[in-house]
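Sequences listed follow chains G and R, in order.
Numbering-wise (my numbering), the first sequence opens with residue 218 and increments by one.
Numbering-wise (my numbering), the second sequence opens with residue -1 and increments by one.
Don't be surprised by glycine CBs; every beta carbon is placed ideally from N, CA and C.
Inspection log for the structure reproduced underneath, given as structure tokens.
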Amino acid sequence: MHARYTSRLALALIASFSTAGAVPARGEQPTCLPCHGVKDFSIQAEDGTAVSLYVDPARYRKSVHGELRCFQCHVNMAIQPHGIVHIDIPTDVEPYLAKWRREPQPATAACITCHRESFDKYRESIHAGSLAQGNLEAPFCVDCHGSHYILGTEDLESTTSPRNVPATCASCHAVGLLMTRLDVATSTYETFQQSVHGRKLALGAPGAAVCTSCHGMHDVKSPLDPESKLFPTRIAQTCRECHVGATRRFALSFKHVRPSPTVEPVIFWVQIAYRWVIITTVGGMALYVLFDLLRYLINRARGGES
Amino acid sequence: MNEDGNAERQYQRWDIHQRIQHMTLLISFSTLIITGLPLRYAGAPTAQTITQAVGGAYAASVIHRIAAGLLILTAGYHLIYIGLCIYRGKQCTAVTPRWKDIADFIGMVKYNLGLAREKPRFGRYTFDQKFEYWALVWGCVLMIVTGSILLSPVMTLQYLPVILLKLSRVIHSAEALLAALAITVWHFYHAHLAPDVFPMSKIWLTGLISEKEIKKLHPLEYEQITRGSGEHAEQDDAANAAND
């Protein structure tokens, strides 16, 4: 599949060479940026909304792909300007391209040319399954990684840096409209932030567990899937990646739940009780102290002893 | 000022052991708060700034454990100190709660509200000091127990039920906030801001209290000392401490 795809790419390149004046010099950005590098550059979609076609050249150059030329991903754009070449998409990618309403975009499929391993893992994931079944909101490469401005995970600003992974996942998993339809909980982001893992991450602890540490990355699966890192038979092993000697009981003690009168009621009521103990104790102390100070000031104003 | 001469007479209030205990408690308590409380408010920018200032999240967790060790040592020191006090046959009951403390509290509230003309007359430790002492004892027990449970969740769950681990997390965090706020309001008022000691009571450094202060703040203890041996058990050790 891979070989066939690249040979098509080669064909496209040959085709582009035959088109006068449009071939970009090697090592330089091609002639795309005079238009696509202009901030307001956009087209009108069928429904009348403006779709920006702007690419920030400076940001693109700083991305991990900054050395690549546009048509290395936008393979069907190799003929300039916009002589669209038909590219056969590898058949195993096709099920996922229904996401793009217009002609399947080879740029999206292009990731797989170099990142075949990640794609093969992705194909096992619940995201891939969901997308292939026609849930067009399920993520493909660019939904988590971005497109033109992808940064390495070691870069703090990357959408897939440990610091940003929870927010990246939450951009779908905390959205009620998306998740309730799929019967997936939306409280996971909030409960993660409340957890020790989330708190440690917020304080910048190196190695604090994020979503992908437990749920898996490209091959993320439902915890109900026996192949999932979180399936009861495998979960202890997953915890042991960080917690030496972790048992299954230890593993199952961590849950994405918010204490309530029905879920973890003991914890819930202790939290409520503590809140009131703190308010009444500290409030009472503050009142006492205030009146003590007032008495002193009153006595002094009257010229008496404090 | 007094019969001894120009310089005001000073009374020994805290011996060197009590001052060392206060010092190590001060250091460990504030360090624990600074390195621990940011975890309760991890989402707040201030919490992140403080954590950066102490050298990052990992450094904070290491420092927190060292400070906890110092607090436990201080508690041990204090227990030995009290044990020796009892072993030597002294009366060590100056901080024992008494009915008089409740009466004193009501008396102070009445006085501050203008319902009573006179302040209650206090002994060696006033009711607010006793309250703080016992709150600290209870707080230390809670924090040391829950902190030990949280030290290694993996090990904890080999012996204890999951609910204890989760409860410890809640209690350790909430009790820390309570302790921090209580110290800020109660202790800072009584040891710093209160007009009688402003800007700071120096007993924790010198161990000494002036005749003027002891007369005003602890009149019953002063009477006890000047009368010689005590009639009331609760002031005995005060007299002992002063005579040591």
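- Of all C-beta pairs linking the segment 415 to 427 of chain G to the segment 389 to 405 of chain G, fewer than three are shorter than 8 Å, placing the two stretches out of contact.
- Between G421 (chain G) and T33 (chain R), the beta carbon gap of about 14 Å keeps them out of contact (Cβ cut-off 8 Å).
- Under the DSSP definition of a beta bridge, V268 (chain G) partners with G:I260.
- Among the residues of chain G, those whose CB is under 7 Å from the CB of A180 (chain R) are T498, V499 and M502, following chain order.
- Counting along the chain, L179 (chain R) sits inside no beta strand (DSSP E); it lies in the alpha helix (DSSP H) bounded by residues V160 to A180.
- Residue-level contact check: I452 (chain G) does not touch chain R, since none of the beta carbons of chain R fall below 7 Å from its beta carbon.
- Here DSSP, grouped into helix, strand and coil, assigns L348 (chain G) to helix.
- According to DSSP, Y9 (chain R) shares a beta bridge with R:I207.
- P307 (chain G) sits in coil when the DSSP states are folded into three classes, being neither helix nor strand.
- The beta carbon of R465 (chain G) sits no closer than 7 Å to any beta carbon of chain R.
- Using a Cβ-Cβ cut-off of 8 Å, Q46 (chain R) is close to A419, L420 and G421 of chain G, given in chain order.
- Taking the beta carbon of R398 (chain G) as reference, no residue of chain R falls within 9 Å; the closest one sits roughly 29 Å away.
- At least one CB of chain G lies nearer than 7 Å to the CB of T49 (chain R).
- The beta-carbon of G520 (chain G) is placed no less than 7 Å from the nearest beta-carbon of chain R.
- G501 (chain G) sits exposed, since fewer than 16 C-beta atoms from the chains shown fall within 10 Å of its C-beta.
- Separation of K210 (chain R) and L176 (chain R) (C-alpha to C-alpha, rounded to the nearest whole angstrom) is 34 Å.
- Closest option to Q10 (chain R), judged by alpha-carbon separation, among R:S208, R:I64 and R:G41: R:S208.
- Chain G has no Cβ within less than 7 Å of the Cβ of Y123 (chain R).
- Taking 8 Å as the cut-off between beta carbons, none of the residues of the segment 278 to 297 of chain G comes near chain R.
- Close to H460 (chain G), with beta-carbon spacing below 7 Å, are these residues of chain R in chain order: V152.
- Using a Cβ-Cβ distance cut-off of 8 Å, the segment 29 to 43 of chain R and the segment 78 to 93 of chain R are not in contact, since fewer than three pairs of beta carbons, one from each stretch, lie closer than that value.
- Of all C-beta pairs linking the segment 165 to 181 of chain R to the segment 472 to 488 of chain G, three or more are shorter than 8 Å, placing the two stretches in contact.
- Note that the C-beta distance between P193 (chain R) and R119 (chain R) is not below 7 Å.
- Chain order gives no chain R residues near R333 (chain G), where near means a beta carbon separation below 7 Å; the closest approach is about 37 Å.
- Here H190 (chain R) is exposed: its Cβ has fewer than 16 other Cβ atoms, across all protein chains shown, within 10 Å.
- Using a Cβ-Cβ cut-off of 9 Å, I484 (chain G) is close to I161, K164, L165, R167 and V168 of chain R, given in chain order.
- Per DSSP, Q89 (chain R) lies in no alpha helix (DSSP H) segment and is marked neither H nor E.
- If you check each beta-carbon in the segment 7 to 41 of chain R against every beta-carbon of chain G, the ones closer than 7 Å belong to P36, L37, A40 and G41.
- With fewer than 16 neighbouring CB atoms inside 10 Å of its own CB, C459 (chain G) falls in the exposed class.
- Across the segment 193 to 204 of chain R, CB contacts with chain G closer than 9 Å involve P193 and D194, in sequence order along the chain.
- Buried is the label assigned to K128 (chain R), since at least 16 other Cβ atoms lie within 10 Å of its Cβ.
- For N110 (chain R), the uninterrupted alpha helix (DSSP H) segment begins and ends at W97 to L111.
- Distances from the CA of R96 (chain R) to each of R:G121, R:I142 and R:A65 were compared; the closest alpha carbon is that of R:G121.
- If you ignore the 5 residues before and after S280 (chain G), its C-beta comes within less than 7 Å of the C-beta of H365, Y366, I367 and L368, all in its own chain and listed in chain order.
- For Y56 (chain R), the chain G residues whose C-beta falls within less than 7 Å of its own C-beta are A422 and P423, listed in chain order.
- By the Cβ-count criterion, P449 (chain G) is exposed, with fewer than 16 other Cβ atoms from all chains shown falling within 10 Å of its own Cβ.
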